[in-house]
Amino acid sequence: MTRLGDLERAVMDVLWDVVPGTSDGVTVREVADALDGRELAYTTVMTVLDRLAGKGMVQREREGRAWRYRPAASREAHIAQLMLDALDLGGSRDAALVRFARSVTGTEAEVLRAALGSEAGLTGPGSTDALTDRVDGPAGRRPAGEAAER
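So for the sequence shown, the UniProt record's numbering puts the first residue at 1; every next one is plus one.
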C-alpha cells in the first residue's frame, strides 16, 4: 500500500470524514472547500484526487462534466494495511508483534484479545459480538461497500 503525502492525507481525511458509505461522493470543489486553512487552487485538489484514483485510494464516478470521489476503503482498513505492510519490512514479524502488543493500552489490549478470540471462535464477554459492535457499530453494520476484514 502506498504511503500518502501530507496533501494526499489531508484530502483523504476530508473524504473519510465527509463521505458516508452510502454517499455518491463529493466533487473537487467540495473537497477544496473542506480543506480549511489551506489556500489551494482547484486544479491542485483535482490533481491530488486524480493521483489518489490512480493509486486505488479513491473511486470516482462521472457526473455530467465533473467527477464525484469517495474513498475506496475505510480509514481503518487503510491503517490496518499500513500496519501489515510495516510487518513486512523485514526482521522478525513475531518480535514486532510482541513489541507492539506490549506497547498498547489496557483498552487496546482488550480489543486485540476480543479480535483474537473471535478469530478462534470463542464466545462470551469480549467475544465476536462485542468486538463487532465496537468496531463496526451496532448490529455489526459496516459502511456500504466495505467488505469484512481478513
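Positions of the beta carbon are idealized from the N, C-alpha and C atoms, including for glycine.
Residue 69 is bridged by DSSP to 26, 60.
A straight-line Cα-Cα distance of about 22 Å links residue 40 and residue 59. About 11 Å separates the CB atoms of residue 28 and residue 14; that is not less than 8 Å, and the two are not in contact.
DSSP places residue 88 outside any alpha helix (DSSP H), giving it a letter other than H or E. Minimum Cα-Cα distance from residue 8 among the listed residues 51, 26, 38, 104 corresponds to 51. The beta carbon of residue 61 sits closer than 6 Å to those of 68, all from its chain and outside the five residues before and after it, given in chain order.
The DSSP-derived three-state label of residue 99 is helix.
Pairing residue 72 with residue 36, the inter-Cα distance amounts to about 23 Å. In summary, residue 102 is exposed, with fewer than 16 beta-carbon neighbours lying within 10 Å of its beta-carbon over all protein chains present. Between the alpha carbons of residue 31 and residue 118 lies a gap of roughly 38 Å. Within a 10 Å sphere around the beta-carbon of residue 25 sit 16 or more other beta-carbons, which makes this residue buried.
Taking residue 93 as the centre and dropping the five residues before and after it, the same chain places the C-beta of 87 closer than 8 Å to its C-beta, in chain order. Here the alpha carbons of residue 114 and residue 99 stand approximately 19 Å from one another.
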